[in-house]
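FYI, the numbering for the sequence shown is 44 to 348, going by my numbering. Don't be surprised by glycine CBs; every beta carbon is placed ideally from N, CA and C.
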Amino acid sequence: MSTTSSTPTVDLTGYSHIMTACSRGAWLAERAEKSPNFDPDNTETFMFIGNARNGRVEIVTAELNTRVMAAKSVCSNTGGDIRKEIDLILALPSHRNIVTHFAKSTPRQIFYPTWIFMEFVGGGTIVDLSKALGGITENEASVIVFQILSGLNHLHENHVVHRDMKGSNVLISFTGCVKIIGLCGPKPMSVGDEHYLVRSAPFVAPEILLGTTLYGPEVDIWSTGAVIIELLEGGHPWEDSLILDIFTQASAYQWPRPKSMSARLEALLGNCIFRDQKERLPAATLLKDCWFDFANKMVSGHGAV
């Protein structure tokens, strides 16, 4: 991406903090390959990252430790739908704001998990960064959200709905490039899965909470509005609310507003959280919103992201 000598007059102190935090993973991310050709059944675990909803996530190495990737396990007994989703994501055209999925392993036995190998992103989630900074400015948030919407627009153009958009499903590289994750895995929420409900309900569109099965890309737009609040406030909407209160308020479209926000942001949020999902603007249209003027300068003029 071309660079320019012009410098924005906006204070970038907070964004500098973000870049510093992201750089912690640079040494490992620099070893990652963008399009590795490797044997997915011949990898070694390098480091355990954490538990996912249906498995675990690890950093793995392949081909005599020359390639570094992330790997997520998916239980083999989750049914045929998840296998179809995995194949769909593997066939998805690449995009700079979507974590690249390289390959999947073939379970040796029926109860062995399937491993999905993907691009490693070293900067952590945008939740980690926002909480570490106690929230970020609107300009800084706009750079992140612009990239989220760019990734979502790519998914929607390829007839894929994420359905689980939230800050913990958005990574940021050590150069500030935002990457959406969480594409592979069952999304429907069940009453018994309380941990998942607590983490995801604040970001889920009301039509899903109310049990409808007829929804499309609009649910991701609603969730993006919640992510904006999460970035600015340093915590998700209804951070201190009980799960029942979240369901009640979200289903009634009682949206917690940021403590302070510009008129431009208020207008943008209004286009994300319409009660009628058909009134929510698509990602391609939102990307042209004037709230992203600063983000456009950063993305097109500085190559930082």
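Going by other Cβ atoms of all chains shown within 10 Å of its Cβ, with 16 needed for buried, is residue i buried or exposed?
i: G225; result: buried
i: P136; result: exposed
i: L275; result: buried
i: G219; result: buried
i: N182; result: buried
i: N196; result: buried
i: F337; result: buried
i: R206; result: buried
i: T157; result: buried
i: E322; result: exposed
i: A175; result: exposed
i: A184; result: buried
i: E309; result: exposed
i: G268; result: buried
i: C315; result: buried
i: H199; result: buried
i: L253; result: exposed
i: N212; result: buried
i: P192; result: Looking at the sequence provided, one finds Leu at residue 192 rather than Pro. The residue is buried, with at least 16 neighbouring Cβ atoms inside 10 Å.
Return the residue from the list the options that minimises the CA-CA distance to residue i.
i: G165; options: P301, M112 and T180; result: M112
i: F163; options: A114, S173, I187 and L176; result: A114
i: L329; options: K340, G313 and V342; result: G313
i: I159; options: L172, I264, T143 and V170; result: T143
i: V103; options: D130, S193, S148 and G254; result: S148
i: K302; options: D319, A327 and E273; result: E273
i: G178; options: G278, D332, V221 and K331; result: G278
i: H138; options: Q190, D332 and A306; result: Q190
Could you check what DSSP says for residue i in three-state terms: helix, strand or coil?
i: I187; result: helix
i: K147; result: strand
i: V262; result: helix
i: R318; result: coil
i: R99; result: strand
i: T180; result: coil
i: T168; result: strand
i: A326; result: helix
i: N196; result: helix
i: R126; result: helix
i: T267; result: helix
i: F337; result: helix
i: K174; result: helix
i: A310; result: helix
i: S305; result: coil
i: V247; result: coil
Using DSSP's beta-bridge definition, name the partner residues of residue i.
i: S116; result: W158
i: V221; result: I215
i: I141; result: I223
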